[in-house]
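As structure tokens, the structure follows; a few thoughts come after it.
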Amino acid sequence: MPELPEVETISRILRPKLMGRTILSAQVRWSGTIAFPSVRTFRRTIAGQQIREVGRRGKFLRLQLSEYDLLIHLRMSGDVELREPNGRFKLHDRLILRLTARGGRANVPGIGRGPRNRRESKSTLVFNDTRKFGRVWLTRNMDEVLGRLGPEPLGRAFTADWLYEGVHARRRQLKPLLLDQAFIAGLGNIYTDEALHLAKLHPLKISNTLSRAQVVRLHDAIRATLREGIRRNGASIDWVYRGGDFQNHFRVYDRAGQPCPVCGTTIVRLVVGQRGTHICPHCQRG
DNA sequence: CTGGCTCCCTGAATGC
DNA sequence: TGCATTCAGGGAGCCA
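Using the working numbering, the letters of the first sequence map in sequence onto residues 744 to 1029.
Have a look at this one:
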């Protein structure tokens, strides 16, 4: 399931391929995909928009367009890929954007100028999402979608001091707090379990009981885990395959019954905040 | 403020 | 073998 490192990987792959291209038209194959605006308005508005920048905020993929932002949340099973148009769909394709060739000029009916150039190598940007949880927004004011997100854990604002203040301003179980996108943006189930194990902290520990040293460990662990995830191009599990390798280096996630890489104790799976949670009962004592 | 629960949805795993 | 049931998971929304 795409978390910060997976979305970052997708963003880095797409960025050089998409920059400067213009969206010719949109085909919405499942209307529920479009969170905002209406499908009708979405289709009309996005045509003719040029892709100016590709980036990420939390787990959102962001395509900065001429006048709008296209925000994509992959949730569980979403994937975005550039595909050469062959007229065929894949199962679970939800949204298809027709693009000009790299550096190509817009040729939108009613907007573009000049005759259609059939030799142009056009592409399609496809949002494929098995479980239909993913959503897409097209907005002039992205803060309406992203405004409540917490800081980027790999950004400058995310310091050990900030984290200490944050966990002590609340009284919450550690894991649900780390998963709360309004607290920190980008952590999901995998990286939270991995970071807590690296920091030797129990997921049920109450946030405002953390010592200074524990907060520093947690801060370092979050950053180290996310950086390793990005370095390995994310984790490739479920139906989303990105060529990532991090799934082969999990310390605890999805490893119940197997030995802890640190101490050899058998890893246990429990449920915390309705989420499957994996810990080493020796390294992460409550 | 906090946590628990449900819902959305599909495919893999499990049960009979 | 085949059909039915269960479960996972990100985030919104609801309730206590």
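Beta carbons are placed, not taken as given, at the ideal position from N, Cα and C, and that holds for glycine.
Straight-line gap, residue i to residue j (C-alpha atoms, nearest Å)
i: Glu824; j: Tyr811; result: 20 Å
i: Gly909; j: Ala903; result: 10 Å
i: Val995; j: Gly972; result: 14 Å
i: Thr788; j: Gly1029; result: 52 Å
i: Arg899; j: Asn829; result: 44 Å
i: Arg970; j: Arg1018; result: 23 Å
i: His962; j: Ser950; result: 13 Å
i: Phe785; j: Leu840; result: 11 Å
i: Gly853; j: Gln793; result: Confidence at Gly853 is low in this model, with a pLDDT of 48, below 50, so its placement is unreliable and the value that follows should be read with caution. Roughly 16 Å separates the two Cα atoms.
i: Thr1008; j: Gly821; result: 35 Å
i: Asn860; j: Thr843; result: Here the model assigns Asn860 a pLDDT of 48, short of 50, so the residue's position is not dependable, and the following value carries that caveat. One C-alpha to the other measures close to 10 Å.
i: Ser809; j: Glu796; result: 9 Å
i: Phe832; j: Lys875; result: 16 Å
i: Cys1023; j: Ile1010; result: 5 Å
i: Ser781; j: Ser768; result: 15 Å
i: Lys948; j: Leu939; result: 10 Å
i: Ala925; j: Met885; result: 15 Å
i: His911; j: Thr968; result: 23 Å
N-terminal and C-terminal residue of the beta strand (DSSP E) that residue i is part of
i: His1030; result: Past the boundaries of the shown model lies residue 1030; the chain is included only from 744 to 1029, so the question cannot be answered.
i: Val1005; result: Element bounds for Val1005: n/a, residue is neither H nor E.
i: His945; result: Segment: none, His945 is in no beta strand (DSSP E) and carries neither H nor E.
i: Val1014; result: Val1011 to Val1015
Where the alpha helix (DSSP H) containing residue i begins and where it ends
i: Arg874; result: Neither: Arg874 is in no alpha helix (DSSP H) and is coded neither H nor E.
i: Leu761; result: Leu747 to Leu761
i: His1021; result: Run containing His1021: none in the alpha helix (DSSP H); it sits in the beta strand (DSSP E), Arg1018 to Ile1022.
i: Leu814; result: Counting along the chain, Leu814 falls outside any alpha helix (DSSP H), though it belongs to the beta strand (DSSP E) covering Asp812 to His816.
i: Ile927; result: Segment: none, Ile927 is in no alpha helix (DSSP H) and carries neither H nor E.
i: Asp963; result: Arg955 to Arg974
Residue nearest to residue i in terms of C-alpha spacing, selected from the options
i: Arg845; options: Val771, Thr765 and Ser774; result: Thr765
i: Asn871; options: His835, Leu840 and Thr1009; result: His835
i: His1025; options: Arg1012, Cys1003, Ala956 and Gly1019; result: Cys1003
i: Thr1034; options: Leu961, Glu937 and Val782; result: Residue 1034 is absent from the structure shown; the chain starts at 744 and stops at 1029.
i: Ile777; options: Glu751, Thr882, Ile794 and Gln807; result: Thr882
i: Leu757; options: Leu806, Leu767 and Arg878; result: Leu806
i: Arg914; options: Trp905, Thr952 and Met885; result: Thr952
i: Arg878; options: Pro748, Arg772 and Leu761; result: Arg772
i: Thr873; options: Gly775, Pro759, Lys760 and Leu767; result: Gly775
i: Phe901; options: Lys865, Gly801, His940 and Pro946; result: Gly801
i: Glu746; options: Gln990, Val958, Val888 and His945; result: Gln990
i: Met819; options: Arg891, Val782 and Asn932; result: Asn932
i: Met744; options: Asp997, Leu939 and Asn884; result: Asp997
i: Glu865; options: Pro748, Leu761, His992 and Phe993; result: In the sequence as displayed, the identity of residue 865 is Lys instead of Glu. Considering only alpha carbons, the answer is Leu761.
i: Val1005; options: His945, Gln1027 and Val888; result: Gln1027
i: Gly929; options: Arg891, Leu944, Ser954 and Ala956; result: Arg891
Cut-off 6 Å between Cβ atoms - residues of its own chain near residue i, not counting five sequence neighbours on either side
i: Phe803; result: Leu814 and His816
i: Ile927; result: Gly893 and Pro896
i: Ala942; result: Arg960, Leu961 and Ala964
i: Val869; result: Glu824, Arg826, Asp836 and Ile839
i: Arg799; result: Val750, Glu751 and Ser754
i: Tyr907; result: Val958
i: Pro946; result: Leu917, Lys918, Leu939, Val1015 and Thr1020
i: Leu1013; result: Thr1020
Close Cβ partners of residue i (< 8 Å) along its chain, the five nearest in sequence each way excluded
i: Gly1016; result: Gln916, Lys918, Pro919 and Leu922
i: Gly986; result: Asn976 and Ser979
For residue i, the residue or residues it bridges with in DSSP
i: Arg799; result: Leu804
i: Gly821; result: Asp872
i: Phe779; result: Trp880
i: Val888; result: DSSP, once it has assigned bridges, lists no residue as partnering Val888.
i: Gln770; result: Ile839
i: Thr765; result: Gln793
i: Thr867; result: Arg826 and Arg841
i: Gln916; result: Ile949
Spatial neighbours of residue i in its chain, beta-carbon cut-off 7 Å, leaving aside the 5 residues before and after
i: Thr935; result: Lys918, Leu921 and Leu922
i: Asp988; result: Arg975 and Asn976
Residue i beta carbon near the ligand SAM (any heavy atom closer than 6 Å)
i: Ala844; result: The ligand SAM is not part of this structure, which contains no ligands at all.
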